[in-house]
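Trainee:
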Amino acid sequence: MIQTESVAEVRVERTRPRSRPWTRVAAWVGILSAATALGLLLPEYQLGIAVTALVFGALCQAWHIQGGLAGQFSFAHGLYIGCGAYSTVILSGEHGWPFFAAVAVAVVMAVAFSSLLDALGERFGLKHLSFALLTLAVGEVGLLAVQGTEALGGHAGIVWLSSPLDLDTRGFFFVLLGLNVVTLLVVLYVWPRRLGLEFRAVASNEVAASGIGVAPLRVRLAAGALSAGFTAIAGAFYGLFIGYVDPLTFAGVTLVIQIVLYTVIGGAGTRYGPLIGPLVAVPVVEVLRAEFAELPGLAFVIFGLAVVAVILLLPGGLAGLGSRLRSGRRA
0 MIQTESVAEV
10 RVERTRPRSR
20 PWTRVAAWVG
30 ILSAATALGL
40 LLPEYQLGIA
50 VTALVFGALC
60 QAWHIQGGLA
70 GQFSFAHGLY
80 IGCGAYSTVI
90 LSGEHGWPFF
100 AAVAVAVVMA
110 VAFSSLLDAL
120 GERFGLKHLS
130 FALLTLAVGE
140 VGLLAVQGTE
150 ALGGHAGIVW
160 LSSPLDLDTR
170 GFFFVLLGLN
180 VVTLLVVLYV
190 WPRRLGLEFR
200 AVASNEVAAS
210 GIGVAPLRVR
220 LAAGALSAGF
230 TAIAGAFYGL
240 FIGYVDPLTF
250 AGVTLVIQIV
260 LYTVIGGAGT
270 RYGPLIGPLV
280 AVPVVEVLRA
290 EFAELPGLAF
300 VIFGLAVVAV
310 ILLLPGGLAG
320 LGSRLRSGRR
330 A
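Quick note on numbering that gives the first Met the number 0: the sequence shown kicks off at 0 and runs consecutively.
1. Under the assumption that A221 contacts L194 (Cβ atoms under 8 angstroms), give the Cβ distance between them as a whole number of angstroms.
2. Using CA atoms only, rank isn't needed, just tell me which of L132, V255 and F171 is closest to E43.
3. Per the DSSP calculation, I157 is bridged to which residue(s)?
4. Relative to the C-alpha of T134, which residue among V281, V244, I157 and Q71 is closest?
5. By alpha-carbon positions, which one of V283, A136, Y271 and I301 ends up nearest to W27?
6. Counting C-beta neighbours from all protein chains within 10 Å, is the total for R217 16 or more, i.e. buried, or is it exposed?
7. Which runs of the alpha helix (DSSP H) spanning at least 4 residues fall entirely within the stretch 36 to 78, listed in chain order?
8. Could you check whether C82 and G234 sit closer than 8 angstroms to each other, using their CB atoms as the reference points?
9. Does the separation of the CB atoms of A207 and L68 fall below 8 angstroms?
10. Between I310 and L178, what straight-line distance do the alpha-carbon atoms span, to the nearest angstrom?
11. The alpha helix (DSSP H) spanning I211 covers which residue range?
12. Answer with buried or exposed for I256, where buried requires no fewer than 16 other C-beta atoms within 10 angstroms of its C-beta.
13. Are L274 and G265 closer than 8 angstroms when you measure CB to CB?
14. Do three or more CB pairs link the stretch 275 to 295 to the stretch 45 to 52 at distances below 8 angstroms?
15. Taking its Cβ as the centre, do 16 or more other Cβ atoms sit within 10 Å of E197, making it buried, or is it exposed?
16. So I301 and L287 are supposed to be a Cβ contact under 8 angstroms. How far apart are they, rounded?
17. Among F249, A25 and F229, which residue has its Cα nearest to the Cα of V181?
18. Can you grab the Cα-Cα spacing for the pair V186 / F55, in whole Å?
19. Determine the closest residue to V119 out of G319, A136, F99 and W159, with distance taken between C-alpha atoms.
20. Mind checking D117: buried by the 16 CB within 10 Å criterion, or exposed?
21. Enumerate in chain order the residues of its own chain whose CB-to-CB distance from D245 is below 6 angstroms, with the five nearest sequence positions on each side excluded.
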């Protein structure tokens, strides 16, 4: 299970000194200004990498709501990504629905699947590893079902014949930047409030959380719904961006493993880690692929070693690096 704060640490968080509001506003303005400049100035190839990084930024943040904050490690998010990608390409691409109406259907489907899994987990007392195995099994069944369904394109998938949104790569950059900002704002809003405290309390010690009046099933349902909903939205835009939807790309466990690895690199259990991880890791992976194009697979070996190094040397991920440096200077 991904490490989160204990119940006691959750209580302590409310007493920590806050930075001045104007400094936070200034930092946000600076970061968003830099991101806007990148979106306007990057060449097409680098811009495509940036869009991919933003896709994974949204996916990692969404996964982390359930898998990190609430402690419900899930491999079913490939199913939720598939809900977003397949619902939009079929309803909007093939049947002419408005794109955002198709996205709304995808969100409802993903939340329904997530709620069903949480209810099954509660009914049969599945926690942590056993719940993760349940989601893995359901995800694989979903993958096989998609591959065997002709209406969903089978193994070949479905191609977007025309885009319902007039977006070029730069347009996708700003749309996905907005999605990342909205997802992060939701996380930052929830984090210090009752729901966020309940997420972390259940993740840390469900029995203790129940003893102080927290209802674990309600907490898991809320975390799963938020996580699945944002995942479906990101999946919809990801499918539209690359122009096709196929089972292995959008419904397989490989994509979920990437999401988990990027989250760990950034810092699981932290506010900003799930966003920092893919923004750093995706460009690094692309550079390694380009450098070692003649040696297929070597880039991923190097990346895997880097992940191991981060886990061993930076247990808090890249997001925890700043606090480690500050504590080192004080020492």
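C-beta atoms are modelled at their ideal positions from N, C-alpha and C, and glycine is treated no differently. The model shown is predicted, which means the values in this text are computed figures rather than measured ones.
Mentor: Short version:
1. Counted from its first residue, the sequence shown places residue 221 at position 222. Counted from its first residue, the sequence shown places residue 194 at position 195. Yes, they are in contact, since the Cβ atoms of A221 and L194 sit about 6 angstroms apart, within 8 angstroms.
2. On the sequence shown, position 44 is the one that residue 43 refers to. Looking at the Cα atoms, F171 is the closest of the given residues.
3. Translated into positions along the sequence shown, residue 157 becomes position 158. Answer is V244, bridged to I157.
4. Within the sequence shown, residue 134 is the residue found at index 135, counting from 1. Minimum Cα distance to T134 is reached at Q71.
5. Taking the sequence shown and counting its residues from 1, the one referred to as residue 27 is at position 28. Minimum Cα distance to W27 is reached at Y271.
6. Position 218 of the sequence shown, counted from the first residue, corresponds to residue 217. Exposed, because fewer than 16 other Cβ atoms sit within 10 Å of the Cβ of R217.
7. 43 to 63
8. By 1-based counting over the sequence shown, the position of residue 234 is 235. By 1-based counting over the sequence shown, the position of residue 82 is 83. Against a cut-off of 8 angstroms, the Cβ pair of C82 and G234 comes out as a contact.
9. Position 208 of the sequence shown, counting from 1, holds the residue named residue 207. Position 69 of the sequence shown, counting from 1, holds the residue named residue 68. Their beta carbons are not under 8 angstroms apart, which means A207 does not touch L68 by this criterion.
10. Reading the sequence shown from its first residue, position 311 is the one you call residue 310. Reading the sequence shown from its first residue, position 179 is the one you call residue 178. Approximately 28 angstroms, taken between the alpha carbons.
11. Within the sequence shown, numbered from 1, the residue matching residue 211 stands at position 212. Note, I211: premise wrong, no alpha helix (DSSP H); not H, not E.
12. In the sequence shown, residue 256 corresponds to position 257, counting from 1. I256 should be labelled exposed.
13. Here residue 274 is taken as the residue at index 275 of the sequence shown, counted from 1. Here residue 265 is taken as the residue at index 266 of the sequence shown, counted from 1. Yes, the Cβ-Cβ distance between L274 and G265 is below 8 angstroms.
14. yes
15. Residue numbering aside, residue 197 sits at position 198 when the sequence shown is read from its first letter. It is buried - the Cβ of E197 has at least 16 other Cβ atoms within 10 Å.
16. Translated into positions along the sequence shown, residue 301 becomes position 302. Translated into positions along the sequence shown, residue 287 becomes position 288. Confirmed, Cβ separation roughly 6 angstroms.
17. Locating residue 181 in the sequence shown gives position 182, counting from the first residue. If we check each option's Cα against that of V181, F229 comes out closest.
18. Reading the sequence shown from its first residue, position 187 is the one you call residue 186. Reading the sequence shown from its first residue, position 56 is the one you call residue 55. Between V186 and F55, the C-alpha separation is close to 16 angstroms.
19. Start at 1 with the first residue of the sequence shown, and residue 119 comes out as number 120. Checking the displayed sequence, the identity of residue 119 turns out to be Leu instead of Val. Closest by alpha carbon: A136.
20. For the purposes of this step, residue 117 is taken as the residue at position 118 of the sequence shown. By the neighbour-count rule (16 or more Cβ atoms within 10 Å), D117 is buried.
21. For this step, residue 245 is matched to residue 246 along the sequence shown. These residues qualify, in order along the chain: G156.
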